[in-house]
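Chemist: My structure is below; once you've seen it, I'll send some questions.
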Amino acid sequence: MSKKRMTLFDVLNVFLIGSFSIAVLYPFWQTVVLSFSGPSSASSLGVHLWPDHWMPDAYKFVFSYQDIAAAYLNTILRTVVGTVIIVCTTLLVSYPLSKRDLPYRNYFTIFFLIAMFFSGGMIPDYLLIKNLGLLDNRLALILPGAVNVFSIIIMRNYMMTIDKGIEESALIDGAGYFTILGKIMIPLAKPVIATVALWAAVGHWNAWFDAMIYIRDPSKTVLQMVVRSMMVDMDLSQTQFGGGGGMTNANLLLSNVRAATVMISIGPIILIYPFAQKYFIKGIMIGSLKG
Amino acid sequence: MSTVTPLAERPSVRKTNENWVRAKRMKALYLMMLVPMILLFIFHYVPMYGIMVAFKKFSPGLGIWNSPWNHFEHFKGLFHDFLFTRALRNTLIISILKLAISFPAPIVLAVLLNEIKNGMFKRVAQSISYLPHFMSWVILASMVGEVLSPQRGVVNYVIQLFGGQPINFLSDTHFFIPVLVLTDVWKEIGWGAIIYLAAISSINTDMYEAADVDGAGRFKKMLHITIPSLIPMIVIMFILSLGNILNAGFDQILNLYNPMVYGVADIIDTYVYRRGIEQFQLDYATAVGLFKNVVGVILIIGANTIIRRRSEHGIW
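Same order as they appear, the protein sequences are chains A and B. Quick note: the first sequence uses numbering that gives the first Met the number 0, first residue 0, plus one each step. Quick note: the second sequence uses numbering that gives the first Met the number 0, first residue 0, plus one each step.
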């Protein structure tokens, strides 16, 4: 480990990891290029490293497309509300379950664990949402995932490692459990809360299947579904986009527009990624801790 | 010998009483869990009642309870249904291929990353490697479609550069499954490597120093220290992924496939989706889903039992 000499293996290894990194990034970069290109460069075969000229037309088109604005708002709304709810339920369950002296703790743990391993399945879930009258309601995107058992396990495991001394002295001073959760546990569990919140936020931001089966009204749909419906259109016809609906723009291909939509919908993740990624990793490490 | 312990003093009864007293003192803690439990009950346990649909001739007008019983007819039909057996076969083929390739890939990446001496390069490469993990398959499928596109894609460009014919990877039954496996590796390899890198970083450095003294080279150290130290983690991860064998990747396939490749790409989950949500045959689709769920739970419990028997680790 102490020798600093570069061997053939080092060179090969750096080359290998380097090309792998490029292979990971290239599809993202091609999307950037495509989103700024016109139809001529977009329809030519080849390595797309730079558009022949940068043109923002696809973005203009996407932003003028009314469903996108609604979908963006819906995605932001569900991400914010959904994340807050998941963090709250996770805290409310993991704190009691982290207390080893809580009577009947195992029964409660089992109640939550079963939900992780067994579910009704796609159709019974759909029937429930339908019977509750939540079809085409934004609540159908938030409530079914409001309790995340995996997050609960991670948070509970973390809270079990927190020294209970402070908690006991607070109890003696007459603090209630809600006060302890709010004033002691939450500040001490900040790293896990950040992790759980980030995971929940990414999950909500990327979710699409629930919107696909529960939401029909285009004004209530989410960004991912807009990207997806553009893909489905693409499969049906490779023709130029924008022919109908009075949005004619012969300078764009559907693929340009789709790339721009993809860019817009991954923008926030890409922007926070460099700052947030250390929390993502912290989360998986905390998760592998044994309780 | 004949003394009878009064009921209230028997250990089990005393324990129950103590528990009850303590529980009353801690009732705020139960109160905390109330709302999450109600939510979980409604959105997770109530649908389990809907499983009954699998045993009924379901008509939405009559509702779950009033629809006539159909007993095990749907399940009997499963194995005579060519589309189901095809989906089951495809699920197993795709899962096993992913297990054989996507499973070891992160281990290789972790070991290689660990051998990189330049800290900056290592960190950047690692951050890049798990970027796709944070994107949905909707987004990634759109990117995969572009890269593999016969009209624009770089892959077909290279193929033509070497004199080949362009290939429509996503509509070709021979290429679709390799595309599934490779894009799965592309998406998850970096994320999977994190846990192995964590395991590597916890290896005692004394072992490497001792090996240095004994004159072991890089490969000897990799082979005799790094990889053996990873084995407990590899075993756990492998058994866990065995429990997932009936999940061949619903999100990925639903976003990548098309009718031309149904023959090789239709898995149980996509079949349930099409039968249930698109064709509205809710009862049959529920039966298919239930079959998958039950087998999945048996596999997960079996897998966890094996882990616990082999080591003190386990997922619960």
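Cβ atoms here follow ideal geometry from the backbone N, Cα and C, with glycine treated the same way. Here the structure is a predicted model, which means the values were calculated and not measured.
Could you tell me the distance, in whole angstroms, from the CA atom of Leu235/A to the CA atom of Ser228/A?
Modeler: Along the first sequence, read from residue 1 onward, the residue named residue 235/A stands at position 236. Along the first sequence, read from residue 1 onward, the residue named residue 228/A stands at position 229. Residue placement at Leu235/A cannot be trusted, given a pLDDT of 41 that sits under 50; what the coordinates show is reported in the next sentence. Those two C-alpha atoms are separated by around 11 Å.
Chemist: In angstroms, rounded to a whole number, what distance separates the CA positions of Lys219/B and Ile166/B?
Modeler: Here residue 219/B is taken as the residue at index 220 of the second sequence, counted from 1. Here residue 166/B is taken as the residue at index 167 of the second sequence, counted from 1. Looking at the two C-alpha atoms, the distance is approximately 43 Å.
Chemist: Contact between the stretch 140 to 157 of chain B and the stretch 27 to 41 of chain A is defined here as three or more beta-carbon pairs at a separation below 8 Å; is this criterion met?
Modeler: Yes, the stretch 140 to 157 of chain B touches the stretch 27 to 41 of chain A.
Chemist: Relative to the C-alpha of Asp124/A, which candidate in Thr90/B, Ser66/B, Gly288/B and Arg308/B has its C-alpha closest?
Modeler: Residue 124/A sits at position 125 when you count from the first residue of the first sequence. Checking every option, the nearest Cα to that of Asp124/A belongs to Gly288/B.
Chemist: Ser141/B and Val226/A - do their beta-carbons sit closer together than 9 Å?
Modeler: In the first sequence, counting from the first residue as 1, residue 226/A sits at position 227. In the second sequence, counting from the first residue as 1, residue 141/B sits at position 142. It is a contact, given that the beta carbons lie within the stated cut-off.
Chemist: Please compile the residues from chain A whose C-beta is within a distance smaller than 7 Å of the C-beta of Trp64/B.
Modeler: Taking the second sequence and counting its residues from 1, the one referred to as residue 64/B is at position 65. By Cβ distance, chain A contributes nothing, its closest Cβ being about 11 Å from Trp64/B, past 7 Å.
Chemist: Could you give the distance in angstroms between the alpha-carbon of Ser114/B and the alpha-carbon of Asn12/A?
Modeler: Position 115 of the second sequence, counted from the first residue, corresponds to residue 114/B. Position 13 of the first sequence, counted from the first residue, corresponds to residue 12/A. The amino acid at residue 114/B is misidentified as Ser; the sequence shows Glu. So the two alpha carbons sit approximately 8 Å from each other.
Chemist: Within the stretch 259 to 304 of chain B, note down every full alpha helix (DSSP H) run reaching 4 residues or more, in order along the chain.
Modeler: List check, alpha helix (DSSP H) in window: 261 to 264 and 267 to 271.
Chemist: Report yes if the C-beta distance between Leu229/B and Tyr195/B is below 9 Å; otherwise report no.
Modeler: Reading the second sequence from its first residue, position 230 is the one you call residue 229/B. Reading the second sequence from its first residue, position 196 is the one you call residue 195/B. Yes, the pair counts as a contact, with Cβ atoms nearer than the cut-off.
Chemist: Rounded to whole angstroms, what's the CA-CA distance from Phe240/A to Leu253/A? Just pull it up for me.
Modeler: Sequence index remark: in the first sequence, residue 240/A carries index 241 (1-based). Sequence index remark: in the first sequence, residue 253/A carries index 254 (1-based). A caution first: Phe240/A carries a pLDDT of 44, below 50, which makes its placement in the model too unreliable to give a value.
Chemist: Assign Ser97/A to one of two classes, buried (16 or more other C-beta atoms within 10 Å of its C-beta) or exposed (fewer than that).
Modeler: Counting from one through the first sequence, the residue named residue 97/A turns up at place 98. So Ser97/A ends up on the buried side.
Chemist: Give me the residue from Lys23/B, Met25/B and Leu112/B with the minimum Cα distance to Phe14/A.
Modeler: Locating residue 14/A in the first sequence gives position 15, where the first residue counts as 1. Nearest C-alpha to Phe14/A: Leu112/B.
Chemist: Quick one: grab the DSSP three-state call for Lys55/B.
Modeler: Taking the second sequence and counting its residues from 1, the one referred to as residue 55/B is at position 56. If DSSP states are grouped into helix, strand and coil, Lys55/B belongs with the strands.
Chemist: For the alpha helix (DSSP H) containing Thr220/A, name the first residue and the last one.
Modeler: Position 221 of the first sequence, counted from the start, is the residue given in the question as residue 220/A. Where Thr220/A is concerned, there is no enclosing alpha helix (DSSP H), given that its DSSP letter is neither H nor E.
Chemist: Tell me which residues share the same chain as Pro95/A and place their Cβ nearer than 7 Å to its Cβ, disregarding the 5 neighbours each side in the sequence.
Modeler: As a working note, residue 95/A is residue 96 in the first sequence. Excluding positions up to five away in sequence, the list reads Leu101.
Chemist: Identify the contact partners of Ile283/A in chain B, using a Cβ-Cβ distance below 9 Å as the criterion.
Modeler: Translated into positions along the first sequence, residue 283/A becomes position 284. Near Ile283/A (Cβ distances below 9 Å), the residues of chain B are Trp190, Ile193, Ile194 and Ala197.
Chemist: Quick check: what's the CA-CA separation for Leu126/A versus Tyr48/B?
Modeler: If you number the first sequence from 1, residue 126/A lands on position 127. If you number the second sequence from 1, residue 48/B lands on position 49. Each residue's Cα considered, the two are about 10 Å apart.
Chemist: Residues of the stretch 270 to 294 of chain B with a CB closer than 7 Å to any CB of chain A: list them in chain order, please.
Modeler: Of all residues in the stretch 270 to 294 of chain B, Val271, Tyr272, Gly275, Ile276, Leu281, Ala284, Thr285, Gly288, Leu289 and Asn292 have a Cβ within less than 7 Å of some Cβ in chain A.
Chemist: Starting from the beta carbon of Gly266/A, find every residue of chain B whose beta carbon is closer than 7 Å, and list them in chain order.
Modeler: Position 267 of the first sequence, counting from 1, holds the residue named residue 266/A. Neighbours of Gly266/A on chain B: none; closest Cβ ~11 Å, over 7 Å.
Chemist: So Ile127/B contacts chain A; which residues on that side make the cut at Cβ distance below 8 Å?
Modeler: Mapped onto the second sequence, residue 127/B falls at position 128. Ordered by position in chain A, the residues that pass the 8 Å Cβ test against Ile127/B are Ser20, Val23 and Leu24.
Chemist: Does the Cβ-Cβ distance between Ala57/A and Val195/A come in under 9 Å?
Modeler: The sequence position of residue 57/A within the first sequence is 58, counting from 1. The sequence position of residue 195/A within the first sequence is 196, counting from 1. No, Cβ-Cβ distance for Ala57/A and Val195/A is not below 9 Å.
Chemist: Any contact of the stretch 205 to 221 of chain A with the stretch 71 to 86 of chain A, i.e. 3+ C-beta pairs under 8 Å?
Modeler: Touching, per the Cβ criterion.
Chemist: Please say whether Phe116/A and Val296/B have beta carbons closer to each other than 9 Å?
Modeler: For this step, residue 296/B is matched to residue 297 along the second sequence. For this step, residue 116/A is matched to residue 117 along the first sequence. Yes, Cβ-Cβ distance for Val296/B and Phe116/A is below 9 Å.
Chemist: I want to verify the contact list: residues of chain A whose CB lies under 7 Å from the CB of Gly163/B, in sequence order.
Modeler: Indexing the second sequence from 1 puts residue 163/B at position 164. In chain order: nothing, as chain A lies at least about 12 Å away.
Chemist: List, in chain order, every chain B residue whose beta-carbon is nearer than 9 Å to that of Asn205/A.
Modeler: The count along the first sequence starts at 1 and reaches residue 205/A at position 206. Here the neighbours are Phe133, Met134, Ser135, Trp136, Val137 and Ile138.
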